[in-house]
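For the first sequence, my numbering assigns the number 3 to the initial residue and increments by one for each residue that follows.
Where a beta carbon is used, it is the ideal one built from N, C-alpha and C, also for glycine.
See below for the structure under consideration.
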Amino acid sequence: MEPLISLLKQSLSSYFKDSFPDAEPSDFVFQSTNKDHTGHLTLMVFPLAKLVKLNPDSLAGQLGEHLMNTEWVDNYEVIKGFLNLHLSKPAFQLVLTDASDLEVKIDNTQKIVLEYCGPNTNKPIHIGHLRNMFLGYSVAGILKEVGHDVHKVNIFNDRGIAICKSMVGYLEYGKNTTPESEGMKGDFFVGKFYILFSQECSLQAKPFIEQGLKKEDAEAQTPIFQKANDLLLKWEAGDQATIDLWNRMNNWFYSGVRQTYARLGIDSEKDYYESREYKKGKEIVEIGYQSGVFQKDETGAIYIDLTDKGLDKKFLQRSNGTSLYITQDMALVKQRFDDYHMDKMIYVVGDEQNYHFKVLKYIMEAMNENFSKDIYHLSYGMVLGKDGSKFKSREGTPADADLIVEAVVEEAKAQTLESGKAETLTENEINEIAESVGLGALKFALLKVTATKNIVFDPKEAVDLNGDTGSFIQYTYVRTKALLAKWEGKFESDINFNLHKEEEQLILHLAGFKSNIKRCAEALDPAELALFTLHLAKIYNRFYTQLPILKEDNLDIRGFRMKLTKLTYDLLGKSLTILGVPLPHKM
RNA sequence: GAUUUGGUAGCUCAGCUGGAUAGAGCAACUGCCUUCUAAGCAGUAGGUCACAGGUUCGAAUCCUGUCCAGGUCACCA
C-alpha cells in the first residue's frame, strides 16, 4: 500500500507547491474508504482546507481533478469534505505488486533478548503461563520478521521457599514413589506434593487463625512450614541430602514441563536458572552499598531509597543477609547483558510485576549501568475466568495449562466428529486435526486481545469453531491449500479485465500486511496481527463464495484469482506461523 | 490513601497518531449446499461509547474532574 500512497502524496505535494506556495501541508492523511461510499481511498481534506482557508468541498474538488490527471485515479467523489478516490487498474496493479512481496524491512534492526515463560519448578504451569508463552513466542516472531536479531531465553525459578514446600510434601507423603511408579507426568507429580503441603499447612494453621492471626502469619507458625523453612536454610548451606532431593524433584519437573513446551511449540535458545544466579546478586548489593548507592537500616537490611522518584524504599537484602526476589533479578539482568551484549532486553512478565521492573530499572540506573534504559517490561493482563474472577487451581475451573490444552483438543475432536467430515479420515488424521485446531483455537483466543488488557477466558467459547477464532482462519487456509493442490495452470498477475469488488478488497487488504506487522513490532503486541489475519480470512471467504475461481471460464481471470489465492495462502501461512498457530493440512 | 490499567451491543472484543451514519464475533431470528471444503456466505435485530464539563469545523479517541472495576505499593515470588 505504501508505494501507491507515497506516489499520491508526491502528486498532492507538487500541486500545493504550484497552487498554494505559502501553504506547506505537513502530511496527507489517507484512510480506506468507508464501505457505505464508493471508492477505495479517502483523503482527509479538512486540515488542508484550513491551511489554505478554502471551503473543504471546493478544495476537495480541486484535488480530485488534479489526481484524475495521474494514472492512479479513475474517478473521485466529494462528500462533506472527504475526497473519495476510485483507483485505476494501474493503481491496483501497483498495489498487487507491492502485496506480492512479503519481505518486510525496517531501518534500525537491533539485537534483542526476550525472556518468557519463567515457570516455578514446584508445580505445573498454569493458564497465565499460556498467555505468557503465546505472547512471548509471537512477539519474538514478529520482531524477527521485521529483521531484528532475536534470542529467546527462559528462566527457571528453581529455588526458594516454594520448591521447599513441595520437597517437604514429598518427604512427608512421598514414600519413595516416582513419577514413573505412579504413572504421572513429572511436573504434576511434584505439584501433587505442593498441594499436599498446602492442605496440611492450612489445617495446622487453623488454631492460629482462631487466635486472631492473619492467614499468612498463622501459616508461618505451623510446624510443617518450619520444616520447609529449615529445608531452605539447609539448601542455602549446601546440605547434600537436601540438594539431592532438590535435584531429583526439579528434574521431575523439567521432564514434565518440557513435554508441555514441545506440545505447545514453545522454544528457547538458553535456559537460565535462578539457583545459579542468586548469589551474584548479593555481590552487587555489596558493591552498591560500598559505593553509597544503597543504604543499611538499623536492623542491617539493605535498601535503596527511591522516594525522590515517587516510589518507596525498596529492600534488596534481608536483615539476616539472605537475598530477595529483586536481588537475583539484579544479577540476572547483568548476566544477560554480559552474555549477549544486546540492544534491548524484553521481559514478558505479567502486569502484577510492573512495579518490580520499574524499580529494577531505577536500581540499574542508580548503579550507572548504561543498559538500564534498554530494559523493557512487556507487561500483560491477567487471564480471568468466565465470571471475571481469578482462575484458581484448587477450586472449580482447572487452571493447569495441560488440562486446558487437553480439554480444548478433546473439544476440537468432538466437533470434528460431529461435523461428519471425519468419515473419510483415518483415526490418526482426526487426532492430528484435533490437535492443531484445538491448539490453534486456544492460542488465537489468547492472542487476539490487546496484551495489556485482562482476558476473560471461557474454554468452551475458545473452541467454538465459529466466528472470530483460530479455527476460522485455519479453515480458510485449508480452503486455499485445497484449491492450490488442484491447480496446474499459471498464475496471472496482469490485470487486463475489470476487477470485482471482492477482488479489490482482497488486494487492498493483502497490501496492508507490511505496515501492520511493523506497527505490531513497535507496539510489541501481536493482537493487531491476529485481527489482521482474521480479517484477511473473512475477506477471502467472501471472495471465495461470491466468485468462481477454478470454475471461472476465462483463463486469464482464473489464473488471476488463483494468484490471489496463492497470495492469501502464503500470507495466512506466514501470519499463523508467526502467531504460533498450527497449519492443518485438512479440516 | 498513592500509583497504574481498564469501563464501547445481553456476552467476548476491535476502533491506529481526533474524521463520514461507532464495527466484528457469540447468543436470537431469516435465507443459501445436484457447482472449487456450509468449521462457510448473505441478511434482520441489538448503542446515552461509565458520567459531567472543556478544547474544535469535527471527540469513543485529546484535557480536567467524578464514579465503578482490576493490578501494585512486603525484609513474598
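Asked                                                                                                                : Found
Nearest neighbour of residue 38, chosen from 319, 494, 259, 79 [CA to CA]                                            : 79
Own chain residues within Cβ distance below 6 Å of residue 398, not counting five before or after                    : Annotation note: pLDDT 49 at residue 398 (below 50); position unreliable, no value reported.
Alpha carbon of residue 395 to alpha carbon of residue 189, nearest angstrom                                         : With a pLDDT of 44 at residue 395, under the threshold of 50, the modelled position of that residue is not reliable, and the figure given next carries that caveat. Those two C-alpha atoms are separated by around 14 Å.
First and last residue of the uninterrupted alpha helix (DSSP H) at residue 131                                      : 129 to 147
Rounded straight-line distance, which links the Cα of residue 154 to that of residue 444                             : 22 Å
Alpha carbon of residue 426 to alpha carbon of residue 588, nearest angstrom                                         : 11 Å
DSSP state of residue 445 mapped onto helix, strand, coil                                                            : helix
Residue interval of the alpha helix (DSSP H) (run including residue 465)                                             : 461 to 465
Residues that residue 44 bridges to, as DSSP identifies them                                                         : 33, 86
Outcome for residue 10 when other beta-carbon atoms lying within 10 angstroms are tallied against a minimum of 16    : buried
Proximity below 8 Å, CB of residue 450 to CB of residue 529                                                          : yes
Other residues of its chain near residue 374: CB distance less than 7 Å, five sequence neighbours each side excluded : 363, 366, 367
Pairwise C-alpha distance: residue 479 and residue 586                                                               : 8 Å
Residues bridged to residue 153 [DSSP beta-bridge criterion]                                                         : 115
Alpha-carbon spacing of residue 488 relative to residue 441, whole angstroms                                         : 28 Å
Three-state secondary structure (DSSP) of residue 398                                                                : Summary for residue 398: the model assigns pLDDT 49, below 50, so the residue's position carries little reliability; its value from the coordinates is reported in the next sentence. Here residue 398 sits in coil by DSSP.
At least three beta-carbon pairs within less than 8 Å, the segment 94 to 114 to the segment 143 to 150               : yes
Supposed close pair residue 40, residue 88 - CB separation, criterion 8 Å                                            : 7 Å
Opening and closing residue of the beta strand (DSSP E) in which residue 102 lies                                    : Here residue 102 belongs to no beta strand (DSSP E); instead the alpha helix (DSSP H) covers 91 to 102.
Beta carbon of residue 539 nearer than 8 Å to that of residue 574                                                    : yes
Opening and closing residue of the alpha helix (DSSP H) in which residue 350 lies                                    : Per DSSP, residue 350 belongs to no alpha helix (DSSP H); it is in the beta strand (DSSP E), 346 to 352.
Cα-Cα separation between residue 55 and residue 33, rounded to whole angstroms                                       : 23 Å
Cα-Cα separation between residue 49 and residue 506, rounded to whole angstroms                                      : 28 Å
Presumed contact (8 Å Cβ cut-off) between residue 198 and residue 175, rounded CB distance                           : 5 Å
Straight-line gap, residue 417 to residue 428 (C-alpha atoms, nearest Å)                                             : 16 Å
Run of the alpha helix (DSSP H) containing residue 412, from where it starts to where it stops                       : 403 to 420
Cα-Cα separation, residue 84 to residue 535                                                                          : 29 Å
Alpha-carbon spacing of residue 25 relative to residue 499, whole angstroms                                          : 40 Å
Contact the segment 266 to 286 vs the segment 157 to 177: 3+ CB pairs below 8 Å                                      : yes
Inter-stretch contact (C-beta, 8 Å, three-pair minimum) for the segment 378 to 389 and the segment 456 to 467        : yes
CB of residue 1 within 8 Å of CB of residue 214, strictly                                                            : Coverage of the chain is limited to positions 3 through 589, which leaves residue 1 absent and any answer about it impossible.
Straight-line gap, residue 471 to residue 138 (C-alpha atoms, nearest Å)                                             : 20 Å
Contact set for residue 17: own chain, Cβ-Cβ below 6 Å, skip 5 residues either direction                             : 68
C-beta contact flag for residue 493 and residue 565 at 8 Å                                                           : yes
Distance between residue 286 and residue 292 (C-alpha atoms, nearest Å)                                              : 10 Å
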